[in-house]
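Report on the following structure.
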């Protein structure tokens, strides 16, 4: 499901892109502040194979970016705030000429370095069949673990519903497991082809990426004190403040 607010006008569209396993509803904690702070439209789409968005025959960052571009109006100007996988998709959206213009990208918590073991595990996860659960609570708890939100949201949180699907009395995650096979991003190559401003950020306690790894790419890097990987859920105001540097 795509959430959208605001009216069309001269201001860029704020495009909020979620991480692996999550959905656009993961940005719901930011919504009250966006109504106050963003002058135009904002959108939080479900990436392909997540939430209500159909799966792709094969997953790549470019294909995910194409799916996002198709949800926008031709000629839209956008500023992307993307978390983890969504940050890479935002970079891919900016790296290739499409019908939309990317004015800036803020990438939050992008995993920059992958070990062979991590890539192998992602491949294994992508090959697994869908897991079915007898109760919503079981499925919701699994969704929170996959999305990295187990310590931040409860199974009853409104943001969880979009990540679940019920069929014939059983429950599953809405995510297509094959999305895990998207692979390792080539951040250097993406950044080399982007003319728009890029800001990379991470929570101070994010175990998935370090300051040193991000600083290798020669773009501005911001560390958010006291926050972890899902900083946009932990402190929406601190994450939205990152947009001030690229507007």
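Residue numbers (the UniProt record's numbering): 1 to 247. Ideal Cβ positions, reconstructed from N, Cα and C, are used throughout, including at glycine.
query	result
Can you say whether residue 69 is buried or exposed, counting buried as having 16 or more other CB atoms within 10 angstroms of its CB?	buried
Out of 58, 32, 72, 204, state which residue places its alpha-carbon closest to the alpha-carbon of residue 227.	204
Find out if the Cβ-Cβ distance for the pair residue 12, residue 78 is shorter than 7 Å.	yes
Within this structure, are the beta carbons of residue 125 and residue 180 separated by less than 7 Å?	yes
Look at the Cβ atom of residue 24, then the Cβ atom of residue 44, and state whether they are nearer than 7 Å.	yes
Pull up the distance between the alpha-carbon of residue 194 and that of residue 155, whole angstroms please.	39 Å
Just tell me which of 56, 27, 83 has its CA closest to the CA of residue 206.	83
If you reduce the DSSP assignment to three classes, tell me which class residue 244 lands in.	helix
What is the DSSP secondary structure of residue 234, counted as helix, strand or coil?	helix
Bridge partners of residue 114, per DSSP?	Paired residue(s): none; residue 114 is not in a bridge.
Can you check whether the CB of residue 96 is closer than 7 Å to the CB of residue 199?	no
Can you list, in chain order, the residues of its chain with a C-beta nearer than 7 Å to that of residue 159? Leave out the 5 residues immediately preceding and following it.	25, 26, 28, 153
Would you decide whether residue 151 is buried or exposed? Buried here means 16 or more other CB atoms lie within 10 Å of its CB.	exposed
Can you tell me which of 100, 188, 241, 132 puts its alpha carbon nearest to the alpha carbon of residue 214?	188
Shorter than 6 Å, the distance from the beta carbon of residue 131 to the closest heavy atom of the ligand NAD, or not?	Looking for the ligand NAD in the displayed structure turns up nothing, as the structure carries no ligands at all.
Please name the residue in 121, 173, 85 whose C-alpha comes closest to that of residue 131.	173
For residue 27, does the three-state DSSP call read helix, strand or coil?	helix
For residue 87, which option in 164, 10, 186 has the closest C-alpha, if you only look at C-alpha atoms?	186
Please report the Cβ distance between residue 42 and residue 34, rounded to the nearest whole angstrom; I am assuming they are in contact, meaning their Cβ atoms lie under 8 Å.	5 Å
Are residue 30 and residue 225 close, meaning C-beta to C-beta below 7 Å?	no
Need the endpoints of the beta strand (DSSP E) that residue 107 sits in, please.	101-108
Under 7 Å between the Cβ atoms of residue 100 and residue 64?	no
Would you mind working out which of 183, 212, 165 sits nearest residue 135, comparing C-alpha positions?	165
Return the CA-CA distance between residue 113 and residue 222, expressed in angstroms with no decimal places.	18 Å
Evaluate residue 168 with the Cβ neighbour count: other Cβ atoms within 10 Å of its Cβ, from every protein chain shown; 16 or more gives buried, anything less gives exposed.	exposed
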